[in-house]
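Read the structure below first, then the notes.
Residue numbers (my numbering): 2 to 205.
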């Protein structure tokens, strides 16, 4: 149901989805889903495991909320507080974002994920999000946004004598959504296995 999908995406992101094709709906959904899966699951999980325990998880969510809400263009906002909140969350999220990206690479297409991470992560305004989206794009084999959504921007990466630029992934399709769900679940299982191994190691 394409009209309903446009309506739901508009409510979720606030962007103009009128006449948006199915591939773009899937792409924008995946962008939000990859970042949200990290910030609501993996990032929280990481800060729960550090010595602060539940307090670390709560701190992470509060920092994310403040960075997001104080960065909205509408409503009352203080520019100094907005910058401080974003910088603080960037520091807090630096390690978790890279561990999540590594998890995506391990349970997905490892070579493409690492390639995209190394070559495209810094081309997003927020490099933490860039790492997540680049690795997620490569792991899924789908072009999500920025340089990964525009094959022509990869021309400069082409090696003379080769058949052309190395584009990461294909256009997004509804099937890509199913692949993304599987990727996130596999990453969750990976984290659970690591937690189990850590727990067993602590016993001995």
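All residues carry an ideal CB built from backbone N, CA and C; glycine is no exception.
Taking all protein chains in view, the Cβ of residue 53 is surrounded by fewer than 16 other Cβ atoms within 10 Å, so the residue is classified as exposed. The C-beta of residue 15 has fewer than 16 other C-beta atoms within 10 Å across all chains shown, which makes the residue exposed. A buried status is given to residue 94, since no fewer than 16 other beta-carbon atoms sit within 10 Å of its beta-carbon.
Remark: fewer than three beta-carbon pairs, one from each stretch, lie closer than 8 Å, so the stretch 108-119 and the stretch 50-67 are not flagged as touching. Rounded to the nearest angstrom, the gap between the Cα atoms of residue 180 and residue 33 is 15 Å. Where residue 15 is concerned, there is no enclosing alpha helix (DSSP H), because DSSP gives it neither an H nor an E. The stretch 97-107 and the stretch 39-47 touch, with no fewer than 3 CB-CB distances between them shorter than 8 Å.
Counting only residues of its own chain and dropping the five nearest sequence neighbours on each side, residue 96 has a CB closer than 8 Å to the CB of 47. For residue 183, the uninterrupted alpha helix (DSSP H) segment begins and ends at 175-204. When 131, 202, 176, 141 are compared, the shortest CA-CA separation from residue 188 is found for 141. A straight-line Cα-Cα distance of about 17 Å links residue 138 and residue 126. A distance below 6 Å between beta-carbons, with the five flanking residues on each side excluded, links residue 108 to the following residues of its chain, in chain order: 187, 188, 191. At a Cβ-Cβ threshold of 9 Å, residue 129 and residue 91 count as neighbours. When rounded, the separation of the alpha-carbon atoms in residue 29 and residue 106 is 21 Å. The beta-carbon distance between residue 144 and residue 113, rounded to whole angstroms, is 11 Å. This is too long to meet the 8 Å contact definition.
With contacts defined as CB atoms closer than 9 Å, residue 178 and residue 31 qualify as a contacting pair.
By the CB criterion at 9 Å, residue 3 and residue 26 fall inside the cutoff.
Here residue 61 has 44, 45, 48, 93 as same chain residues with Cβ atoms under 7 Å from its own Cβ, once five neighbours each way along the sequence are excluded. Look at residue 171 here: in three-state DSSP terms it is strand.
It is roughly 43 Å from the alpha-carbon of residue 57 to the alpha-carbon of residue 20. Residue 71 and residue 6 have their C-alpha atoms spaced approximately 28 Å apart.
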